[in-house]
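Quick notes on the structure that follows.
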Amino acid sequence: MSRVDVLSERLIEFVARLASRMSYDQRKLAVISGSSMYKIVCKVVTRVSDYISENRDGLFWCRLCNKGTFTKRGFYLHLVRVHSFEIKSLIEEELRRELRAL
Ligand SMILES: [Zn+2]
Numbered sequence: 003m004s005r006v007d008v009l010s011e012r013l014i015e016f017v018a019r020l021a022s023r024m025s026y027d028q029r030k031l032a033v034i035s036g037s038s039m040y041k042i043v044c045k046v047v048t049r050v051s052d053y054i055s056e057n058r059d060g061l062f063w064c065r066l067c068n069k070g071t072f073t074k075r076g077f078y079l080h081l082v083r084v085h086s087f088e089i090k091s092l093i094e095e096e097l098r099r100e101l102r103a104l
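Shown next, in the form of structure tokens:
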């Protein structure tokens, strides 16, 4: 498995947390990313989480399957249980795009 593949897998949880506005461990994210990748990872994780979620008045809709509304926790669980693979693919795609642009 490539570095991007491994990294993408580990970032799914962070994207799901960010998309559902749950707190996440920033230091852990930095460790997973490594110092050279941290900036890119933050950008990618934010971009993907914005892309997959719609938030209005504290309620969430899923842009990957148009389901809603979810509470914070419900949305997080929905993303992790139903869309892990899609989220990973999106992260991978964005990471590769960013790395190519370097
Ligand atoms: Zn969904």
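Going from the sequence shown to the numbering used here is simple: count from 1 and add 2.
Built from N, CA and C at the ideal position, the CB exists for glycine as well.
Fair warning: this is a prediction, and the values are worked out from it, not measured in the lab.
Counting along the chain, threonine 48 sits inside no beta strand (DSSP E); it lies in the alpha helix (DSSP H) bounded by residues 40-54. Following the DSSP letters along the chain, one finds glycine 76 inside the alpha helix (DSSP H) bounded by residues 74-84. Rounded to whole angstroms, the gap between the alpha carbons of arginine 99 and glycine 70 is 30 Å.
Residue burial is scored here from C-beta neighbours: phenylalanine 77 has at least 16 other C-beta atoms within 10 angstroms and is therefore classed as buried. Between leucine 20 and threonine 48 the beta-carbon gap is near 7 Å, inside 8 Å, which marks them as a contact.
Shortest gap from the CB of leucine 13 to any heavy atom of ligand 1: 6 Å or more.
When beta bridges are read from the DSSP output, arginine 58 appears opposite Leu61. Contact check for leucine 97 and serine 10: beta-carbon distance about 6 Å, within the 8 Å limit, so the pair qualifies. Per DSSP, lysine 30 is one residue of the alpha helix (DSSP H) stretching across 28-35.
Around the CB of phenylalanine 16, 16 or more other CB atoms lie within 10 Å, so the residue is classed as buried.
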